[in-house]
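According to this note's numbering, the sequence shown is numbered sequentially starting from -17.
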Amino acid sequence: MSTRLSPDPSHVGDLLTLEVIAAYPRGYSVNLPIGVKLDPLHVVAVEEGEPEATGEGLRKTFTVQLQHFAPGPASVPGFVLTWVDERGAIQTLAVPAVAFTVDALLANEAEPQRKPEDPPISIEYPNTLAETVAYSVLATLAAALLGWFALRRLLRRRKPAPMMPAIPPHRLALDALEELEHSSLLGDGRVQDYYVQLTEIGKGYLERRFGVDALDRTTDEIRRALLRDEARIAPLTASEVVAFLQRCDMVKFARQLPQEDAAHEELVFVRGSVERSAPTPVPVPEPPAAPPTEAEQP
C-alpha cells in the first residue's frame, strides 16, 4: 500500500488530491468504508477506481479530494481500508497519516511590513448617509428592545406545555422498520443504503433498550461487549445479534449483493427480536368499587 498527496506545499483552500494505492492477491476485495471522515480536513469527493491486473495480483486506487483552511504544517489523519479474503473474513488495514504544508496567502515579499495608515480625508459636505445609518441603527435597537419586553410579558402569561411521555425504544424501532419496509430502496437497487438503515435501527434499539453502546461501535467491539455481559440483552443472545451484524457488514463493506428475499428476511429477524425483547406492560389494577349508599341498600 502506498499514498501520495498533491499539491504539496499548497495554499489555503486549495483542492488537495490524496491517492491510496492498494495491491492485493486475486480472490480478495479491498474497499473504502462508507462515509469516511478526515477531520479537520473537508472531504470534497471520494472516488474508487476499478481493480487493475498486475501480474499475479490486483491493484486498486482510491482518490480522495480534500480542502484545508489553516496555514502551516498539517496532516491527513490515518484511516482504515477493509478487505475480504477468499473465505469471506473481513479484515482492516490502517492507512498512515500523510503530512503536508499549507502556505499563507501573503504578498510576494520575504518579510512583509505593515503599511502606514492613510491620512484623514476632509469632508466638505454634511455626511447625510452616516446620519441616516446611525438613526436607522438606533431605531432598530429601540424596536428590538420593545419587542423583547413584549415577548417576556407574553411568555410569563403562558403556562408551560405538558411534557410528552418518552416513546419506548421498541415503538421507535418498530415504526422505523415499517417505514424502511415500505421504502423504495430495494426496488431502486440501493441495497447498501437499505442495509445501512437496517443496521442503524438494530443498533439503536440495542442502545436504547439495553444500554449497549452500539451506534458508534464496530461489530467486533459490540461482540466483545456482549460476551462480557450477555445477560443484559436477554432474551436475545450475543451470537444471534453478532451474526446479524456480520451479515450486514458483508453487504455494506464487502459489496455482496443478496437476494431481495434475504433482505426482507433480515428485516423480519430484527422485527421479531424487538417484539420478543420488548418489556411487558404492567397491568393497572382497577379501583375498588364504592360501597352502596343507603338508598341503594335493600
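Glycine is no exception: its CB is placed at the ideal position from the N, C-alpha and C atoms.
Which residues DSSP lists as bridging residue i, in chain order
i, result
"I16", "Note: I16 sits in no beta bridge, so no partner."
"D85", "H(-7)"
"F235", "Note: F235 sits in no beta bridge, so no partner."
"Y6", "L40"
"S(-16)", "I3"
"I72", "V66"
"A245", "DSSP lists no partner for A245."
"Q55", "The residue you asked about is not Gln; residue 55 is Pro in the sequence shown. Answer is T83."
"Q49", "L(-3) and H24"
Residues of its chain near residue i, where Cβ-Cβ distance is below 6 Å and the 5 sequence neighbours each way are ignored
i, result
"L208", "A220"
"D198", "none"
"A260", "H152"
"S(-12)", "T(-1)"
Buried or exposed (CB count within 10 angstroms, at least 16 for buried), residue i
i, result
"L63", "buried"
"K185", "buried"
"Y177", "buried"
"W65", "buried"
"R191", "buried"
"D231", "buried"
"H50", "buried"
"P(-9)", "exposed"
"L20", "buried"
"F131", "exposed"
"Y187", "buried"
"I149", "exposed"
"T201", "buried"
Proximity of residue i and residue j at Cβ, strictly below 9 Å
i, j, result
"P217", "R258", "yes"
"A4", "L87", "no"
"L14", "Q47", "no"
"Q179", "A196", "no"
"F235", "I16", "yes"
"R205", "V224", "yes"
Chain-order list of residues whose beta-carbon lies under 7 Å from that of residue i (same chain, five-residue window excluded)
i, result
"H(-7)", "V84, D85 and L87"
"E29", "T45"
"A89", "Residue placement at A89 is flagged as unreliable, the pLDDT there being 48, under the threshold of 50; the coordinate-derived value follows with that caveat. Answer for A89: no residue qualifies."
Residues near residue i in its chain [Cβ-Cβ closer than 8 Å; skip 5 each side]
i, result
"V18", "V25, V28, V46 and F61"
"L40", "A5, Y6, P7, R8, Y10, P33 and E34"
beta-carbon residue i near the ligand ZN non-hydrogen atom, thresh 8 Å
i, result
"A86", "Among the components modelled here there is no ligand, and therefore nothing to report on the ligand ZN."
- Query: Can you list, in chain order, the stretches of the alpha helix (DSSP H) that have 4 or more residues and sit fully within the region 112 to 166?
  - Reply: 151 to 163
- Item | Contiguous alpha helix (DSSP H) assignments of at least 4 residues, all confined to the region 166 to 232 | 173 to 192 and 201 to 210
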